[in-house]
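Q:
Residue numbers (our numbering): 303 to 521.
Here is the structure:
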């Protein structure tokens with residue numbers, strides 16, 4: 303899916319570079335996010351698993367409870383029941399049940415509408431092999447707040463994001479506060495995200511890359 307994953311396959315598993323092809327996932331955007339002007343909406347799109355760092359996000363959101371924001375989460379909540387239960391308990395203990403909206407799995411049209419109404423994308427993953435949700439967020443012009451791990455730094459340019467160390471709720475909270483209290487409301491980051499998002503591969507580009515790889519294999 304990306305250079306980072308390719309490097310892992312080569313260095314850790316000894317995969318022959320001549321047999322390795324990279325086909326970055328495509329993106330689709332129905333336009334640029336309008337970014338709410340009343341209560342900022344922070345969007346998280348990810349299956350609720352330990353690797354995605356939802357627990358870190360809850361700690362960070364609790365630290366900025368004095369600010370106005372709404373956190374919307376989409377993605378399956380059944381993959382790791384223990385993680386989901388732990389995160390729900392954390393949300394309840396911080397009294398954030400009215401501010402963190404767990405939507406679960408939603409269809410593509412609903413997800414598109416949520417993207418268009420959001421102000422920023424937030425996902426403190428502990429590892430990413432590519433980061434499709436990060437790329438998709440930029441395709442909608444959303445500034446990204448996440449962690450500098452795995453493929454995230456190569457997927458998300460620095461001028462479109464605020465990346466912090468993984469497993470660091472305090473640093474994440476500082477980044478969130480910086481975005482929410484910035485004079486322009488994160489508009490500069492959003493402009494950069496929109497610019498870079500339009501340069502990302504579309505699904506037609508991914509299909510061409512896969513077709514090219516298959517043609518080499520078949521020969």
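Cβ atoms here follow ideal geometry from the backbone N, Cα and C, with glycine treated the same way. Quick caveat: nothing in here was measured; it's all calculated off a predicted structure.
Just tell me which of 478, 419, 378 and 329 has its CA closest to the CA of residue 369.
A: Nearest of 478, 419, 378 and 329 to residue 369, Cα basis: 478.
Q: Give me the residue from 349, 334 and 480 with the minimum Cα distance to residue 408.
A: 349
Q: Between the C-alpha atoms of residue 475 and residue 482, what's the straight-line distance to the nearest angstrom?
A: 10 Å
Q: By DSSP, does residue 390 sit in helix, in strand, or in coil?
A: Under the three-state reduction of DSSP output, residue 390 falls in the helix class.
Q: With C-beta atoms as the reference, is residue 502 less than 8 Å away from residue 345?
A: no
Q: Hey, could you find the ends of the alpha helix (DSSP H) residue 497 is sitting in?
A: 489-499
Q: What would DSSP say about residue 264, mapped onto helix, strand or coil?
A: This structure cannot settle anything about residue 264, because the visible part of the chain is limited to 303 through 521.
Q: So residue 442 and residue 425 are in contact, right, with Cβ under 8 Å, and what is the actual spacing, rounded?
A: Actually they do not touch by this definition, with Cβ atoms about 14 Å apart.
Q: With 16 other CB atoms within 10 Å as the buried threshold, where does residue 371 fall?
A: buried
Q: I want to know whether the stretch 388-407 touches the stretch 510-520 - three or more CB-CB distances under 8 Å.
A: no
Q: Is residue 467 close to chain E, meaning its C-beta is less than 8 Å from at least one C-beta of that chain?
A: Among the chains in the structure shown there is no chain E, since it carries only a single protein chain.
Q: Could you tell me which residues DSSP puts in a beta bridge with residue 425?
A: 448
Q: Would you mind sorting residue 415 into buried or exposed? The rule is 16 or more other CB atoms within 10 Å of its CB.
A: exposed
Q: How about the stretch 378-392 and the stretch 452-467: do they share at least three Cβ pairs that are nearer than 8 Å?
A: no
Q: Just tell me which of 451, 446 and 420 has its CA closest to the CA of residue 432.
A: 451
Q: Determine the burial state of residue 377: buried for a count of at least 16 other Cβ atoms within 10 Å of its Cβ, exposed for fewer.
A: buried
Q: Please state whether DSSP places residue 420 in a helix, a strand or coil.
A: Note: residue 420 maps to coil in three-state DSSP.
Q: Using only the alpha-carbon positions, how far apart do residue 429 and residue 355 sit?
A: Looking at the backbone, the Cα of residue 429 and that of residue 355 are separated by about 9 Å.
Q: Distance check for residue 487 and residue 381, CA to CA, integer angstroms please.
A: 35 Å
Q: Please report how far the alpha carbon of residue 394 lies from the alpha carbon of residue 480, in whole angstroms.
A: 25 Å
Q: So what's residue 518 in DSSP terms, helix, strand or just coil?
A: helix
Q: Give me the DSSP bridge partner(s) of residue 403.
A: In the DSSP secondary-structure assignment, residue 403 is bridged to 374.
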